[in-house]
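In our numbering, the protein residues as written are 37 to 344. All remarks here apply to the structure that follows.
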Amino acid sequence: MEETVITAHPDDAGRAEALAFIVACQQDPATSTAYLGEDPTGIEAELEGLDRPWLSGWRAVLTGGQSGGEIIAACTVDWDAEPSMAWIHGPWGTPGAVDRHGHALLAAIDRQVPAEITHLEVCGHVANTALASLADRLGWTATEVNFALVAPAARARACTLPDAGPAPGVRLRRMVPADVGPVEPLHAAEFGAAYATAAQLASAYHTVVAEDGDGTLLGYAAGTLQDDGSAYVDFTAVDPAVRRRGLGRRLVVELVRVLLEAGRPELVHLTVRESRAAAHALYLSLGMRQDAALRGYRGARPVTAPVS
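Here you go:
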């Protein structure tokens, strides 16, 4: 059976087929990738909410050569000039299909990303061994495992009630542009080349900061309301000098309260690195449950031929 076509975005008739293919892959850890979840309605909402129209970025391998046919493997892409990163959604497909066509798909994605974007990233469930193998052959760097946690909004709301006030001498407030400078070194030290800069935390996120009586920044927590309606705690960091005093918990609790007031999410999500055992324990103590284990893979452009 011929499997040679890498096609651009589908027409209206092919959109439903593309969505069905993505949903089927997302519902199996062995073929799922990060960012979109597994609920069909949520997947569609997240795709439609990308900064770049997902259909225009769609690249797929089909059976049947130029005549088209069944989708074998596919991906799409989104990017941001700050921090000069493109996030590849996919490649989706069976492990065999990703082994055969993953490199060609990533190369096709690379060709449509603007020249000023310096890095590409994929991310998937740790059970997605085909994705890990593809990234390894391309020489991409693997990130630390991140645990995805989730809690129903009602459970998260209950955790904001008993002890939502700050510790003595600490003030919690919303981040303002003047906080970008103090937040930046803490954000960089904790998250490195993350998918959002400190400036974006002030402009595009719901962010709360903690400061002492002298106005010194002690920590922050930032989150978003996602296109599928869920709340997401994206970043939390506390100055090492004031850790183990309950400040991380206070920041997360306050951020969740802010997110619940800003929308009506049914679920609250977050991810935490495997090495952050204390933070992991904190989130579990707030009623969250572990939902998945994820690993990202990042490479500099252009996409090169895989190493045999």
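Ideal Cβ positions, reconstructed from N, Cα and C, are used throughout, including at glycine.
Could you give the distance in angstroms between the alpha-carbon of residue i and the alpha-carbon of residue j?
i           : j           : result
residue 251 : residue 284 : 18 Å
residue 259 : residue 319 : 15 Å
residue 218 : residue 329 : 32 Å
residue 115 : residue 86  : 9 Å
residue 84  : residue 92  : 11 Å
residue 248 : residue 257 : 16 Å
residue 184 : residue 298 : 22 Å
residue 63  : residue 205 : 47 Å
residue 234 : residue 216 : 6 Å
residue 57  : residue 117 : 29 Å
residue 200 : residue 226 : At residue 200 the pLDDT is 48, less than 50, meaning the model places this residue with poor confidence; the figure from the coordinates comes in the next sentence. Taking the straight line joining both Cα atoms gives about 24 Å.
residue 72  : residue 261 : 14 Å
residue 76  : residue 174 : 31 Å
residue 304 : residue 294 : 12 Å
residue 403 : residue 135 : The structure shown does not extend to residue 403, since the chain is modelled only from 37 through 344, so no value can be given for it.
residue 98  : residue 138 : 13 Å
residue 181 : residue 51  : 33 Å
residue 122 : residue 229 : 12 Å
residue 190 : residue 240 : 25 Å
residue 317 : residue 214 : 32 Å
residue 162 : residue 222 : 28 Å
residue 96  : residue 177 : 25 Å
residue 335 : residue 41  : 25 Å
Residue i: which of the options sits nearest, CA to CA?
i           : options            : result
residue 253 : 331, 242, 209      : 209
residue 343 : 230, 214, 169      : 169
residue 255 : 265, 261, 237      : 237
residue 300 : 220, 188, 195, 223 : 188
residue 332 : 112, 80, 179       : 179
residue 211 : 230, 182, 150, 243 : 243
residue 68  : 126, 51, 44, 42    : 126
residue 289 : 193, 129, 108      : 193
residue 131 : 160, 124, 327      : 160
residue 28  : 147, 150, 142      : A question about residue 28 goes unanswered here, because the residues of the chain that appear run from 37 up to 344.
residue 47  : 59, 90, 78         : 90
residue 70  : 325, 145, 314, 307 : 307
residue 232 : 266, 113, 271, 286 : 271
residue 337 : 245, 324, 113, 147 : 147
Could you tell me whether any Cβ in chain D is nearer than 7 Å to the Cβ of residue i?
i           : result
residue 212 : Absence of chain D from the displayed structure is noted, only one protein chain being present.
Using DSSP's beta-bridge definition, name the partner residues of residue i.
i           : result
residue 69  : 160
residue 111 : 95
residue 247 : 207, 253
residue 124 : 113
residue 337 : In DSSP, residue 337 forms no bridge with anything.
residue 129 : 109
residue 259 : 242, 269
residue 42  : 97
task: Examine the Cβ distances between the stretch 151–163 and the stretch 262–278 and report whether three or more of them are shorter than 8 Å.
output: no
task: Would you mind listing the beta strand (DSSP E) stretches within the stretch 264–331 that are 3+ residues and don't spill past its ends, in chain order?
output: 267–274, 303–309
- request: Note down, one range per segment and in chain order, each beta strand (DSSP E) of at least 3 residues found wholly within the stretch 155–226.
  value: 155–161, 182–188, 207–210
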